Amino acid sequence: MNLEQKISATIQQAFKELFDHQVGSDQISLQPTNKEFEGTYTFVVFPYLRVTKLNPEISGTKIGEYLTTHSDVVKSFNVVKGFLNISIQETSWIDIFTQLYKNPDLGKLPKNGQKVMVEYSSPNTNKPLHLGHLRNNFLGYSVAEILKANGYEVIKANLVNDRGIHICKSMVAYKHFANGETPESSGLKGDHLAGKYYVIFDREYKKQIAHLIENGDTEEEAKKKAALMVEAQEMLRLWEAGDSEVVGLWKTMNNWVYDGFDTTYKKMGVDFDKFYYESDTYLLGKNIVEEGLKKGVFFKKENESVWVDLSEEGLDEKLVLRADGTSVYITQDMGTCELKYSDFKFDKSVYVVGNEQDYHFDVLFKIMRKLGRPYGDGLYHLSYGMVDLPSGKMKSREGTVVDADDLMNEMVATAASHTKELGKIDGFTAEEASELYETLGMGALKYFLLKVDPKKRMLFNPQESIEFQGNTGPFIQYSHARISSILRKADQIGVDYSLKGFEGLAKLEDAERDLIVVLNDFEKKIRQAGEEFSPSQIAQYLFDLAKEYNRFYAELSIFNESDQKVQSFRISLSSLTAKTIKAGMRLLGINVPDRM
RNA sequence: GGUCCUGUAGCUCAAUUGGAUAGAGCAACUGCCUUCUAAGCAGUAGGUUUCAGGUUCGAUUCCUGACAGGAUCACCA
27 MNLEQKISAT IQQAFKELFD HQVGSDQISL QPTNKEFEGT YTFVVFPYLR
77 VTKLNPEISG TKIGEYLTTH SDVVKSFNVV KGFLNISIQE TSWIDIFTQL
127 YKNPDLGKLP KNGQKVMVEY SSPNTNKPLH LGHLRNNFLG YSVAEILKAN
177 GYEVIKANLV NDRGIHICKS MVAYKHFANG ETPESSGLKG DHLAGKYYVI
227 FDREYKKQIA HLIENGDTEE EAKKKAALMV EAQEMLRLWE AGDSEVVGLW
277 KTMNNWVYDG FDTTYKKMGV DFDKFYYESD TYLLGKNIVE EGLKKGVFFK
327 KENESVWVDL SEEGLDEKLV LRADGTSVYI TQDMGTCELK YSDFKFDKSV
377 YVVGNEQDYH FDVLFKIMRK LGRPYGDGLY HLSYGMVDLP SGKMKSREGT
427 VVDADDLMNE MVATAASHTK ELGKIDGFTA EEASELYETL GMGALKYFLL
477 KVDPKKRMLF NPQESIEFQG NTGPFIQYSH ARISSILRKA DQIGVDYSLK
527 GFEGLAKLED AERDLIVVLN DFEKKIRQAG EEFSPSQIAQ YLFDLAKEYN
577 RFYAELSIFN ESDQKVQSFR ISLSSLTAKT IKAGMRLLGI NVPDRM
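Numbering of the first sequence is given in the numbering used here, commencing with residue 27 and proceeding in unit increments.
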C-alpha cells in the first residue's frame, strides 16, 4: 500500500467511526497541497458535508484529529476553509525514499499479462520524412515504451504505404527524367531521390495541364488527359497485373527508399518489431465484407456496392466495397486489423495517426465492434495534431516542408555550437563531443515535440522553438549531468551512499522532503501516461523533478555537510533523482549525458 | 452547411479530470559564481481563462448558445 492509499484508508475508517458512514476508499481523492499552505496532501471535505452534518472547518478538524491519532504516517494537519491539509512524518518520507532507492525495477510496473500493438510511423515510400513524421515517430515510440513500463507486452508495428498512385508518380518521373540516376551516382539518400522525382512529376504534370488548358481544355479535362497522369494510372494497372518491368522498377526505388528510411529511423532512435506492407495487405478485407453481409452488419445496394449503416452510432452510411467489387481504404484497414490480430492476438491496438483521420478510425472501430471482434474495445486511435510553421501549414508543393533529416542535423549542429560557446567540452575526445551533441540536439527536439498534449496542434518555429534553457530537454539532461558529477566525486572520496550510509536518519530539510514527494510520484505518472497514451505527462513530470532537484541543489550543500549521515543521504537522494530522470527520459526516447 | 478538435500571460505550454488567490518556461527587469557544473537558483512584472448565459458550496474544467482557428464529411489513401 502506498502512502496515499494508507491515508485514504484511514480517512475511510474515520468516516465510519466518526460519522457511521461508508465511503469507498477509491472515492477519497487526495490532491497536492498548494505551496502557500503547510502540508503535502489535501483532502477536500466539501463533498462530504452532507455526511458529517457539520460545517467545513469542524468536519476537517475532526477528520484531521482522527488521522493524527490513528495513522502512523500523519504528523499534523491544518484546516483552511474546507481544505484539510495533511503533513506527513519525516520518518515516513525516509521510509518511502528507502523503498524507492532499493527498487531495482524503478519505473517499471509489474507485468499485467496484456499485449498491445502500437502502430506508428507508417510512411509513404514516395518521399522523405518531414517534421510531421517526427511527431508521429517520437510519439509512437514513446507511447510504446510507456506501455512497456506499465507492464504490457508491446509490439511496435509499421504499416508501410509502399504502393499506389503516389509511388507510380515518382516512378513515371524517374523513367522520363532521371537518366538512370541512383543514390550512389547522385549522392542523394534514397528517400530523397524518390522525393525529388515526386516533385518533378508534380512540376511537369502542371506544365502539361497548363498546356492543355491553353489549347482549350477545361481544367478538369486537362488534369485527366495529361500524359504523365495517364501514364501513372497505367503504371498502377500494370503494377497490379504484376508486370515485371514495372514491378522491377518499383522494387528498386522502394529499396532505395528503405535504405534512406533506415538511416533516418536510426537517427531518430526508433525501432519496430513488425513491418506490414500495403502491397501485401491492400487486397485484404473482402472476406470480412462477406462476413458482415452474412451477419447483417453490412448491406448491398442495387448496384452491388456494399455499405455499413452507422446512423445509430451517430455517423452516416459508409461504403465498404465498390460496385465493381474492388476495395476501398476502409476495406483494406479492416483486413489489416484482422491480420494483425491473427498474428499477435493482442488485447489492445493503438494507431498513431494524425487527426485528419479521426473520422476514418471512428468508422473503422465502430465496424469492428459491430462485427463483434474480441479486441473491439481495445482499439484506440492516438490522434495527434498537425505541426504548423509560423508561415502556416507545411505544404510540399510550396516547398515549406521541414525535412526530418535536415532538421535533426540542424538540431545537432545547434547543440554543438551552443555547447562550444559555453566552453563545456574540456576533456572530451572528439568522439565523446559529437556523441554529446547528438544526445543534446535530439533530446531538445524530442522533448519539444513530446511535451505538448498530443491532440493539440502545435507551432514549430525553426529559429526560436528549440531552446536549451527552461522547460527543455537539455535542462533535464543538464540536471542529470550535474548529479553524475556529484556521484563521481562521492565515489572518488569514498562516501558510502548505500542504504547503510544514512541508516537511522530521522530529520529532513524541506527541500529534501519536497524532492522525495516528487520522486514518489514517478510511478503514478507512469500509470497516468499509460492510461492516457500521453508522453507529455512524463515530460512535464521530469521537468518538475529537475526543477525540484535544482532547488535542492542550490539550497543545500553536500560536500560541505559535516554530518556524515546527512551527507550520504543527500548523495543517495541525488542518485535516485538521476536514476529517475534517466528512466523517465528513456520513456521519451531521450538519452542523458553524464557530463555536459 | 453537418460532425469532430482547439481557444488560458506578449510568445510556447501546464493546471492532479469540478477545488483554495489559474501555474511554468521564453522574452523584460533585479539579485546570486573564491563553495558540489550559472544550460542553474531566488525575486519583480505580466490574466475579465475568446464572449454570453446556465448547473452548485465552488467552473479553465460540465451543459446551452455565439465568435475565431483547424480537420473532416470521395465508389482517394
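For each residue, glycine too, the CB sits at the ideal point set by N, CA and C. All values reported here derive from a predicted model rather than from experimental measurement.
- Fully contained in the region 405-461 are the following beta strand (DSSP E) runs of length 3 or more, in chain order: 405-410.
- Taken atom to atom, the span from the alpha-carbon of A459 to that of I616 is near 17 Å.
- DSSP places H156 within a strand segment (E or B) once states are collapsed to three.
- For the options G449, A35, Q57 and D384, the alpha carbon positioned closest to that of S51 is the one of A35.
- Note that the C-beta distance between T445 and L462 is below 8 Å.
- Per DSSP, E145 is one residue of the beta strand (DSSP E) stretching across K141 to E145.
- Its chain contains A532 as the residues whose beta carbon lies nearer than 8 Å to that of T117, once the 5 sequence neighbours on both sides are disregarded; these appear in chain order.
- A straight-line Cα-Cα distance of about 19 Å links N104 and L29.
- By the criterion of at least three beta-carbon pairs nearer than 8 Å, the region 167-178 is not in contact with the region 202-209.
- Per DSSP, reduced to three states, the secondary structure at D479 is coil, with no helix or strand assignment.
- Taking 8 Å as the cut-off, the beta carbon of P480 is found no closer than this to the beta carbon of S375.
- Relative to T440, the option among S491, M394 and V100 whose CA is nearest is S491.
- Cβ-Cβ separation between Q234 and L264: approximately 21 Å, too far for a contact (criterion under 8 Å).
- K61 sits in coil when the DSSP states are folded into three classes, being neither helix nor strand.
- Between the alpha carbons of K300 and S147 lies a gap of roughly 12 Å.
- Residue range G499 to I519 is occupied by the alpha helix (DSSP H) that includes I519, with no beta strand (DSSP E) assigned at that position.
- DSSP, reduced to helix, strand and coil, places L309 outside both helices and strands of the structure shown, so it counts as coil.
- In this structure, D429 lies away from H407, with their beta-carbon atoms at least 8 Å apart.
- When C-alpha distances from I314 are compared across H159, W333 and Y303, the shortest belongs to W333.
- Taking Q495 as reference, the option from D517, G469 and S524 with the minimal CA-CA separation is G469.
- Apart from the 5 residues on each side of it in sequence, S588 has no Cβ closer than 8 Å to any other Cβ in its chain.
- If you look at V543, you'll find it in the alpha helix (DSSP H) that goes D536 to N546.
- Put simply, of S524, M622, E535 and S55 the residue whose alpha carbon is nearest the alpha carbon of S594 is S524.
- L485 is bridged by DSSP to D414.
- When R189, S598, S212 and Y367 are compared, the shortest CA-CA separation from G527 is found for S598.
- In this structure, the beta-carbon distance from T290 to L155 falls below 8 Å.
- Collapsing the DSSP output to three states places S113 in a strand.
- In the structure shown, the three-state DSSP call for I181 is strand.
- M420 sits away from R483, with the two beta carbons spaced by 8 Å or more.
- With a cutoff of 8 Å on beta-carbon distance, L397 and K450 are scored as not near each other.
- With a 10 Å radius around the Cβ and a threshold of 16 neighbouring Cβ atoms, S55 comes out exposed.
- Annotated as distal: T362 and L347, with beta-carbon spacing of 8 Å or more.
- Counting only runs of 4+ residues, the alpha helix (DSSP H) found wholly inside the region 364-410 occupies 384-396, in chain order.
- Taking S85 as the centre and dropping the five residues before and after it, the same chain places the C-beta of V71 and T78 closer than 6 Å to its C-beta, in chain order.
- For S601, the enclosing alpha helix (DSSP H) has its first and last residue at Q590 to L613.
- Look at the beta carbons and you see the region 539-554 not touching the region 496-516: under three pairs across the two are nearer than 8 Å.
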